Each structure stands twice: as structure tokens, then as C-alpha cells.
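Going by full-length UniProt numbering, the residue at position 46 of the sequence shown is 46; the numbering climbs one at a time, nothing skipped.
No residue lacks a Cβ here, since even glycine has one placed at the ideal position from N, Cα and C.
Quick caveat: nothing in here was measured; it's all calculated off a predicted structure.
Report on the following structure.
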Amino acid sequence: LQGFKSRSSQYTILPTPLPDDAPRSPINDFYFTDSPTQDSLAVMDACLKIGALPRAQKIFHLLREQRRGDPVLEPRLFNAFLNAYVNMATTNAEERDKWLGDAIQLFSDMQEGKDRVRSTAGSYA
């Protein structure tokens with residue numbers, strides 16, 4: 001927890017969401033992610049940073065089901081989960097098989113392009 005507190009703050013500038021009556025289009029969805037999705041991404045990011053992987057994983061699975069192929073599900077997010085799974089497997093001996101299994105399954109999904117997300121160099125690191 002001390003390491004988390006001592007890090008410098010990083011800020012992300014989010015665009016203002018479009019009004020609810022604005023027409024939906026892929027380009028609008030890319031640049032103007034709806035507020036509930038932005039909230040989910042923020043909570044998931046916070047959970048990953050403090051080590052609350054089970055909660056982050058629930059949100060991640062929900063987003064993958066609801067927004068399959070959405071540009072908001074980018075390789076950087078998948079790589080963060082791969083890293084978290086491997087870290088959890090190395091620190092949690094009782095559930096090592098579960099976390100490694102989750103990492104392997106996610107990596108396989110990326111290799112197959114299941115969510116239109118392909119593995120990157122960071123996926124192998």
C-alpha cells in the first residue's frame with residue numbers, strides 16, 4: 001500500500017459523453033464512451049492497482065460480455081490483466097493453478113482474436 005501511495009498521480013482527460021439522444025455510431029462510441037463504461041474502467045483500474053483482482057476480473061468479464069469488440073477493450077487492458085494474473089499466481093500459492101489458468105485462457109482468447117483484441121509485444125513480456 002505504501003508503494004501505491006508514494007507514486008505520482010496520473011491523470012486521464014476523458015471527453016464529455018454525448019447526450020443520450022445523440023445518434024450512435026462506431027466513431028462516436030470510440031471517442032465518447034458512455035459514463036457507465038467509463039466508471040467501470042476506472043473502478044477496474046483502481047482494483048488492479050491495489051491488488052483487488054477478483055473484483056477487477058468480475059468487471060472485466062462483464063465488459064467483455066456486454067461490449068464485445070468495442071474499441072474500449074484494447075490490448076493494454078488485456079495485458080494489464082495478463083500481468084495481474086501472473087503476479088497473483090506467483091504470490092498466491094493456494095490459487096496458483098486458477099490464476100495461471102485464467103492467464104492462459106485470456107492469452108488464448110487474444111491469440112484467436114475473440115474480442116477483436118490481438119496480442120502485442122506487451123502480451124509476451
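Cut-off 8 Å between Cβ atoms - residues of its own chain near residue i, not counting five sequence neighbours on either side
| i | result |
| --- | --- |
| D34 | P17 |
| L106 | F78, F81, L82, Y85 |
| residue 206 | Since the first and last residues shown for the chain are 1 and 125, residue 206 lies out of range. |
Residue environment, residue i, which counts as buried when at least 16 other CB atoms sit within 10 Å
| i | result |
| --- | --- |
| L62 | exposed |
| N28 | exposed |
| S119 | buried |
| Q111 | exposed |
| Q57 | buried |
Own chain residues within Cβ distance below 6 Å of residue i, not counting five before or after
| i | result |
| --- | --- |
| D102 | Y85 |
| G122 | N79 |
| A89 | R96, W99, L100 |
| P75 | V117, T120 |
Cut-off 7 Å between Cβ atoms - residues of its own chain near residue i, not counting five sequence neighbours on either side
| i | result |
| --- | --- |
| R40 | Contrary to the premise, residue 40 reads as Ser rather than Arg in this sequence. These residues qualify, in order along the chain: I59, L63. |
| D109 | D115 |
Expected contact under 8 Å - CB spacing of residue i and residue j to nearest Å
| i | j | result |
| --- | --- | --- |
| L73 | D115 | 6 Å |
At least 3 beta-carbon pairs within less than 8 Å: the region 62-74 vs the region 45-53: Between the region 62-74 and the region 45-53 there are fewer than three C-beta pairs closer than 8 Å, too few to call the two in contact.
Those runs of the alpha helix (DSSP H) which lie wholly inside the region 93-120 and span at least 4 residues: For the region 93-120, whole alpha helix (DSSP H) runs of length 4 or above, ordered along the chain, are 96-112.
Going residue by residue through the region 29-103, where are the continuous alpha helix (DSSP H) segments of at least 4 residues, counting only ones entirely within it? The qualifying runs are 35-50, 53-66, 75-91.
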